[in-house]
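**Student:** Before I ask anything, let me first share the structure, which is written out below as C-alpha cells.
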Amino acid sequence: MLTIGNSLSDLSSGFGASQIIAPGQARPLERGEQRSRSLDHWEFVHIAVMPEQAIIGSGIIVSSASSRQKCELSKLRIAFGPSPRVKYFQACESCCRELMPHFPDEGPKPVTAHALRVALFVHAFFPEHIYGTESYTLALARQLQALGHSPVVITAVSPGEPPQMSEVERYTVGDIPVLRIDRNLSPPRNAREEYDMPALAPLLERLLREIRPDVAHVCHLGNFSVVLPQVTEALGIPTFATLTDFFNLCLNSLLQLPDGGLCAGPDARRLNCMTCGILMRRSERPSPFWAALAHPAVHHLAALAGTRLAPLLPPPLGTDARAVIRRPKAFTAAMGRYQAAIAPTRYLKDTFEANGVTLPLVHSAFGIDIDRRPKPPAGDRPVRFGFIGQILMHKGPHLLLQALRLLPVDAFTLDIWGSDKLYPDYARDLRSVAGSMPVTFNAPFTEHRMAEVLSQVDVLVLPSTWFENGPLTLLKALATHTPVVVSDVPGMTEFIQEGIDGFAFPRGDVDALAAVLRRFVEAPDLARRMSAATAYPRTERAMALEVLDLYARFGGRPAPVAGAA
C-alpha cells in the first residue's frame, strides 16, 4: 500500500505511527504549509491512506509514485521534503473536483468548485438502442451526475424509425433527463444532407438555449450533422467530443473496403469513398441503375468517373457525387470547432491524426463498472464459448461458426447473444451454418445482467472484421476475468496480453481461429488458468474524472450561453 512517500516504510519512518492520519480525521495546517488563496475555505489538510494514492485536501487526488508531480486534474503541485511530509501545497479552483468514492461516508466531503451543466449529444439512445456508444453516454452521464454535475442527454429518432408524437420528446433513463428529436420530420433529401443539415440549426439552437449548458459533449455526431458544432460555437458553448468510431472519417463508419480489406481513410481523390458510396446506394435504393454501377466488373470504373466528373454531373447524381467528395473536409472543419476530443484507443487517435485532424486528441480508455468477483469453478464439462453483440457481418459471428465446425462437436458449446432483427436474412444464414452443432441463439439482455451472462462463459470470442474501437463487451469480459479471442485489429489487441488473458488471430482467417479455439478444447484447464490472470481495473469514475479534467484544461468552465435569457 502506497501513500505519501514511496513506500509504507517511508511513511512510518517519516510520520511515525502516531502521525498517520486515518480517513475521516484531519490535522490543522502546520507552519510552512500554504493554503491557496482561491481555496480559503480549506481549514485542514486531510490525508487518506489508500492503495497507490494519497488524498490531500478536499477533493484533490495525487499519485504518490514520485517525490514531485502534477495533479492530473489541474495545476495542483505538491512537493515533499527529505522525509515524506507535506512541505507545502498550492492549488487553484479547477482542482476542486468531486472525488467522492475516494472518501469514506463518515469522512471529509469533497468541495465542488463548479457544478457543470453538460449537454451530451448521441445519435441514438436507450431504451431502443443499447449498444456501445449509447452505453458509454449513459455511463458518463451517471458518473457526472454522481459527481454533482447536471447532465442532459440529447438524442434522436432516426429517419425511418417509428415516429414520435411530437418533434421533441422528454423522458428519463434512471435519473438522467433525455431530450429526443424526431428526424422523421427532417429526413435528408440527398447525400449532402446526410452529414450537413442546415435545417436542423434552429431546433438545436432552441434546445441549447433551453438547457443553457456550460459544456456540450458530442458522443456521436450522427443525426445532428456538422451543423451541431457550428451552433454551439455560435452560442459560445465550449464543445468536446468522444470519438467512438470512424463516422467522422468514413462514409460507412467502419474503414472497411468493399472487398473486405481495411482502409486507412479517404484518399486524395476520394476514390475509395466513391466506391463505398456506390455500393451503399445500391443497398439503400435498389434499382437496375445502381445494381449496374455496383457490379464488380464496373464499380471501380464508375467510382473513378464519379470523382472526375462530379462537378459536371447534374442532380441528383452530381449532388451525391459532390457530397461524397466534400464529406471529409466538412467533418475536419466540424472537429476544428471542438476544444478537444477523446480517443478511447491509441489506434483511433493515430488514425485521426494521420488523416489531418489537428485538434487536441487525448487518449482515454473506457471505464467499466461491473461485478469483478472471480469466476465460479468450471467443473467437468465442455468448454463454453460465447459471442455477445450485434448480429452483423462485420462483427464476424459467421467466422466463429465456421471455425467451430472444424472442432469435435462434443468438446464445446456456444452461446450467441444478439438481436436477429437488424438483418434477418443474415441471422437466418447463421442458424443454417450452426446446423446441429451445440449452439444456442439467445435474445439480447439488459445491461445489469452482463456479469451474470459472462459468468456462464469460459471464453468470449470477438471475430470482428473491422477496426473495433475498444468495444465495451471486450472490456467487460476482461473485467469479469473472462479470457478472450479477438481478431488482430489494433482497436482490440491493445487491450490484451497474448497468451495471458487472450489470443489474437489473423482477421477473417477461419482456420487460424479454429486453431486458437482448439487450444481451449484440448487443454480444458487453459480457460481457468487464463481467467486467474485476466482483469480490467479501470472504472467509469476514473473515466469521468478524466473527462472533467479535459473540460478544465481546455476551457469547459461555466459561462452563460451567448444571447440566452
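So the mapping is simple: my numbering equals the position in the sequence shown, first residue as 1, plus 522.
Yeah, the Cβ is synthetic: ideal placement off N, Cα and C, and Gly gets one too.
Since this is a predicted model, take the numbers as computed values, not measurements.
Return yes when at least one heavy atom of the ligand FMN lies under 7 Å from the C-beta of D893, else no.
**Tutor:** Summarising the ligand content, the structure contains no ligands, and the ligand FMN is consequently not present.
**Student:** Can you say whether S747 is buried or exposed, counting buried as having 16 or more other CB atoms within 10 angstroms of its CB?
**Tutor:** Counting from 1 along the sequence shown, the entry for residue 747 is found at position 225. So S747 counts as buried.
**Student:** Between which residues of its own chain and L839 is the CB-CB distance below 6 Å, once the five residues before and five after are set aside?
**Tutor:** Your numbering for residue 839 matches position 317 in the sequence shown. Within the same chain, L839 has no close Cβ partners at all.
**Student:** Could you check whether the region 781–793 touches the region 739–746, counting it as contact only if at least three pairs of C-beta atoms, one from each stretch, sit closer than 8 Å?
**Tutor:** no
**Student:** What's the call for T694, buried or exposed, on a 16-neighbour Cβ count within 10 Å?
**Tutor:** As a first step, residue 694 is located in the sequence shown; it is residue number 172 there, counting from the start. Under this definition T694 is an exposed residue.
**Student:** Assign E990 to buried or exposed, taking buried as 16 or more other Cβ atoms, counted over all protein chains shown, within 10 Å of its Cβ.
**Tutor:** Here residue 990 corresponds to residue number 468 of the sequence shown, with the count starting at 1. Buried, because 16 or more other Cβ atoms sit within 10 Å of the Cβ of E990.
**Student:** Would DSSP call F1076 helix, strand or coil?
**Tutor:** Start at 1 with the first residue of the sequence shown, and residue 1076 comes out as number 554. Correct three-state label for F1076: coil.
**Student:** Only counting the same chain, and skipping five residues up and downstream in sequence, which positions put a Cβ closer than 8 Å to that of P649?
**Tutor:** Here residue 649 refers to the residue found at position 127 when the sequence shown is read from its first residue. The beta carbon of P649 is closer than 8 Å to those of V695 in its chain, skipping five residues each way along the sequence.
**Student:** Using alpha carbons as the reference points, say which of A816, F967, E755, G783 lies closest to A465.
**Tutor:** This structure leaves residue 465 out entirely; the chain is present only between 523 and 1087.
**Student:** May I ask you to report which of helix, strand or coil DSSP gives R692?
**Tutor:** Here residue 692 is taken as the residue at index 170 of the sequence shown, counted from 1. Three-state result, R692: strand.
**Student:** With a cut-off of 8 Å on the beta carbons, I'd call Y945 and L914 a contact; round off their distance for me.
**Tutor:** For the purposes of this step, residue 945 is taken as residue 423 along the sequence shown, with counting starting at 1. For the purposes of this step, residue 914 is taken as residue 392 along the sequence shown, with counting starting at 1. Correct: roughly 6 Å between the Cβ atoms.
**Student:** How many angstroms separate the CA atom of L928 from the CA atom of K917?
**Tutor:** The residue you call residue 928 lines up with position 406 of the sequence shown. The residue you call residue 917 lines up with position 395 of the sequence shown. Cα to Cα, L928 sits roughly 20 Å from K917.
**Student:** Return yes when the Cβ of A825 is within less than 8 Å of the Cβ of I847, no when it is not.
**Tutor:** Here residue 847 refers to the residue found at position 325 of the sequence shown. Here residue 825 refers to the residue found at position 303 of the sequence shown. The answer is no: Cβ separation not under 8 Å.
**Student:** What is the DSSP secondary structure of T987, reduced to helix, strand or coil?
**Tutor:** Mapped onto the sequence shown, residue 987 falls at position 465. Reduced to three states, the DSSP call for T987 is coil.
**Student:** Which residue from L870, D781, T873 puts its Cα closest to that of T987?
**Tutor:** The sequence position of residue 987 within the sequence shown is 465, counting from 1. Between T987 and the set L870, D781, T873, the nearest pair of CA atoms involves D781.
**Student:** If I'm right that G1024 touches P1046 with Cβ under 8 Å, what's the distance once you round it to whole angstroms?
**Tutor:** As a first step, residue 1024 is located in the sequence shown; it is residue number 502 there, counting from the start. As a first step, residue 1046 is located in the sequence shown; it is residue number 524 there, counting from the start. About 18 Å separates the two Cβ atoms, so there is no contact after all.
**Student:** Which residues in the same chain as D893 place their Cβ atom closer than 6 Å to its Cβ, once the five residues preceding and following it in sequence are excluded?
**Tutor:** Sequence index remark: in the sequence shown, residue 893 carries index 371 (1-based). Contacts found: A973.
**Student:** Quick check: the Cα distance between H821 and A852, rounded to an integer number of angstroms?
**Tutor:** Counted from its first residue, the sequence shown places residue 821 at position 299. Counted from its first residue, the sequence shown places residue 852 at position 330. Rounded to whole angstroms, H821 to A852 spans 25 Å at the Cα level.
**Student:** Rounded to whole angstroms, what is the Cα-Cα separation between F647 and P993?
**Tutor:** Within the sequence shown, the letter at position 125 stands for residue 647. Within the sequence shown, the letter at position 471 stands for residue 993. Approximately 17 Å, taken between the alpha carbons.
**Student:** Compute the Euclidean distance between the alpha carbons of H817 and T962, then round it to the nearest angstrom.
**Tutor:** Position 295 of the sequence shown holds residue 817. Position 440 of the sequence shown holds residue 962. Annotation: H817 to T962 spans about 37 Å, alpha carbon to alpha carbon.
**Student:** Report the rounded CA-to-CA distance for M622 versus R1063, giving the unit in angstroms.
**Tutor:** Translated into the one-based positions of the sequence shown, residue 622 becomes position 100. Translated into the one-based positions of the sequence shown, residue 1063 becomes position 541. With a pLDDT of 28 at M622, under the threshold of 50, the modelled position of this residue cannot be trusted; read the value that follows with caution. Their backbone Cα atoms lie some 10 Å apart in a straight line.
**Student:** Just how far apart, CA to CA, sit P960 and W939?
**Tutor:** Translated into positions along the sequence shown, residue 960 becomes position 438. Translated into positions along the sequence shown, residue 939 becomes position 417. Approximately 14 Å between the Cα atoms of the pair.
**Student:** Which value, in whole angstroms, describes the spacing of the CA atoms of L1098 and L881?
**Tutor:** Limits of the chain in this structure are 523 at one end and 1087 at the other, which puts residue 1098 out of reach.
**Student:** Who pairs with G1024 in a beta bridge, going by DSSP?
**Tutor:** One-based indexing of the sequence shown puts residue 1024 at position 502. Beta-bridge pairing links G1024 to V1006, E1020.
**Student:** Grouping DSSP H, G and I as helix and E and B as strand, with all else coil, what is D1033?
**Tutor:** As a working mapping, residue 1033 is identified with position 511 in the sequence shown. Here D1033 sits in helix by DSSP.
**Student:** Given this structure, state the Cα-to-Cα distance separating L779 from L669, to the nearest angstrom.
**Tutor:** Here residue 779 refers to the residue found at position 257 of the sequence shown. Here residue 669 refers to the residue found at position 147 of the sequence shown. Those two C-alpha atoms are separated by around 43 Å.
**Student:** When the Cβ atoms of the region 670–685 are set against those of the region 793–812, are three or more pairs found closer than 8 Å?
**Tutor:** no
**Student:** Whether or not the region 726–741 and the region 652–665 are in contact is what I'm after, with contact meaning three or more pairs of Cβ atoms, one per stretch, closer than 8 Å; do they touch?
**Tutor:** yes
**Student:** Identify which residue in S977, G1030, T1056, S809 has its Cα closest to the Cα of G469.
**Tutor:** The structure shown has nothing for residue 469, since the chain only spans 523 to 1087.
**Student:** What are the start and end residues of the beta strand (DSSP E) that includes T677?
**Tutor:** Mapped onto the sequence shown, residue 677 falls at position 155. Unbroken beta strand (DSSP E) run through T677: 672–679.
**Student:** Specify the secondary structure class of F762 as computed by DSSP and reduced to three states.
**Tutor:** Walking along the sequence shown from the start, residue 762 turns up at place 240. F762: strand per DSSP, three-state reduction.
**Student:** Quick one: give me the first and last residue of the beta strand (DSSP E) that I698 is part of.
**Tutor:** Reading the sequence shown from its first residue, position 176 is the one you call residue 698. Looking at the DSSP string, the run of the beta strand (DSSP E) that includes I698 is 698–704.
**Student:** Would D980 be called buried (16 or more neighbouring beta carbons within 10 Å of its own) or exposed?
**Tutor:** For the purposes of this step, residue 980 is identified with residue 458 of the sequence shown, where counting begins at 1. So D980 counts as buried.
**Student:** Buried or exposed: where does L1067 fall if 16 or more other Cβ atoms within 10 Å of its Cβ makes it buried?
**Tutor:** Residue numbering aside, residue 1067 sits at position 545 when the sequence shown is read from its first letter. The residue is buried, with at least 16 neighbouring Cβ atoms inside 10 Å.
**Student:** Under 8 Å, do P735 and I759 count as touching if we go by C-beta distance?
**Tutor:** Looking up residue 735 in the sequence shown gives position 213. Looking up residue 759 in the sequence shown gives position 237. Yes, the pair counts as a contact, with Cβ atoms nearer than the cut-off.
**Student:** Less than 6 Å between C-beta atoms, sequence neighbours within five positions excluded: which residues of the same chain meet that for A1026?
**Tutor:** Within the sequence shown, numbered from 1, the residue matching residue 1026 stands at position 504. Hits under 6 Å: V1008, D1010, T1015.
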